[in-house]
Amino acid sequence: MGIMTLPKPVAAYFAAEKNNDADAVALCFVADGVVRDEGQTVRGVPAIKQWNTEARKKYHHTVEPLDSVLREGKIVVKARVSGNFPNSPLTLEHIFELGGDKIASLEIR
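Each residue of the sequence shown is one higher than the one before, counting from 147 in the numbering used here.
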């Protein structure tokens, strides 16, 4: 599946990542959206913005979606994540659940 077939909120998330825009990343989520990453869970738009800002400062990362599949009602996007961390680049699964026209949850693993 090509990148163009991503649901709008997921495509918006990757576009915001590409633009280094933590505000725009956070606004892709519902108000009480959840992100699970590196063993931590953050909830709510302000916390998601802070998570993205801190990750960017720490890793100076880029995220490039490679392909996506639908699995158990979730959108699973394999993405190449490059940055300032061991074993870069890594291919990580970004598992999205949607809530209406926004992202309800994202798990990165």
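Glycine residues also receive a C-beta, built at the ideal position from the N, C-alpha and C atoms.
If you're wondering where the values come from, they're calculated on a predicted model, not measured in any experiment.
Checking the sheet assignment: what are the DSSP bridge partners for residue i?
i	result
SER234	Answer by DSSP bridge pairing: none, since SER234 is not bridged.
LYS248	GLY245
GLN186	ASP183
LYS203	Note: LYS203 sits in no beta bridge, so no partner.
LYS220	ARG217
For residue i and chain C, any beta-carbon pair shorter than 8 angstroms?
i	result
LYS164	Absent from the structure: chain C. Only one protein chain is present.
Could you please give the first and the last residue of the uninterrupted beta strand (DSSP E) stretch that includes residue i?
i	result
ARG255	Careful: ARG255 lies outside any beta strand (DSSP E) and carries neither H nor E.
ASP183	175-183
GLU210	208-217
THR151	Neither: THR151 is in no beta strand (DSSP E) and is coded neither H nor E.
Work out the CA separation of residue j and residue i for me, nearest whole Å.
i	j	result
ARG202	LYS224	19 angstroms
PHE231	HIS207	9 angstroms
MET147	ALA193	Its pLDDT being 42, under 50, MET147 is placed unreliably in this model, and the coordinates cannot settle the point.
ALA157	LEU236	20 angstroms
GLU253	ILE221	11 angstroms
SER234	ASP178	31 angstroms
ALA250	THR187	13 angstroms
PRO255	PHE160	Correcting the residue type first, residue 255 is Arg in the shown sequence and not Pro. For ARG255 and PHE160, the distance between alpha carbons rounds to 16 angstroms.
In this structure, does DSSP put residue i in helix, strand or coil?
i	result
ASP167	coil
PHE160	helix
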